[in-house]
Every structure is written in structure tokens, then in C-alpha cells.
Amino acid sequence: MIKKKWSEVSTATISEEAIRTLHTPPENFKIYVNTYDAGKTFPTKAGHGFVMYVLAGSCKTTLDGSEVTLSTSEFIALEKGSYAFDVVGNEELKLVKVFSVS
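What follows is the structure, encoded as C-alpha cells:
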């Protein structure tokens, strides 16, 4: 569960479309776009592993006892489970979550 920079996997500007292009064929993935207001806390519960990309803003969570902050153009692969994220800063958070169905 190490965060990475978008530039490590693509030369394109991060966007929902660029993320969809990375995860092909499309029938093998479920993709969700979520937006959260600044200062909010939101839960994420997943029955499968998934990748979470940050399109705009920043959020933080605690994984394995360590605080992890994700900012624009960063992503993290997470195992199935329950997570709680806090939106940090004054900017709205926009995420793309990608689940493999295969």
C-alpha cells in the first residue's frame, strides 16, 4: 500500500478519461468518480482490492498505523477492507476509484 505519482504510470495529464484508458478492457473494471467537500470525513468499504486516484485536492487516512496523505496526481492500491479518509485543506476532493472485476 504505497502511494505513487501518476507520472510513474502515464505521460498524460491525470483525468477520468486517462484513468479509464489505463484500465482496459473496460468490462474488467468498475470505475467510480466521487467528490467530497473540504473538511469532510468519508468511509470507503470494499469487498475487493482497488486503486484510488486523486484528481484534485488532498485526503489522509491511517494505514497499518501510519498516516498517509494523498494529493492531486497521486494514487494508492488498497486491499479489500474498510477505510476512513479525511479531506484536508480548503479544496474539494475529487477521486476516481477503480475496482477489478476479473
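In terms of the working numbering, the sequence shown opens at residue 1088 and continues consecutively.
A virtual CB, placed ideally from N, CA and C, is assigned to each residue, including glycine.
*Could you tell me which residues DSSP pairs with C1163 in its beta bridges?*
A quick correction: the sequence has Ile, not Cys, at residue 1163. M1139.
*Looking at C-alpha atoms only, which residue of F1162, E1166, V1175, Y1170 is the closest neighbour of E1103?*
F1162
*How would you call T1148, buried or exposed, if buried means at least 16 neighbouring beta carbons within 10 angstroms?*
buried
*DSSP-derived helix/strand/coil call for P1112*: coil
*With distances taken from CA atoms, which of K1132, R1107, T1159 is nearest W1093?*
T1159
_Excluding the 5 residues flanking V1188 on each side, which residues of the same chain have their C-beta closer than 7 Å to its C-beta?_
N1115, F1116, K1117
*Return the CA-CA distance between L1182 and S1145, expressed in angstroms with no decimal places.*
10 Å
*asked:* Just to confirm, is the Cβ distance from F1129 to F1172 under 8 Å?
replied: yes
_If the criterion is Cβ atoms closer than 8 Å, does the pair G1134 and K1167 meet it?_
yes
*Name the DSSP bridge partner or partners of G1168?*
A1133
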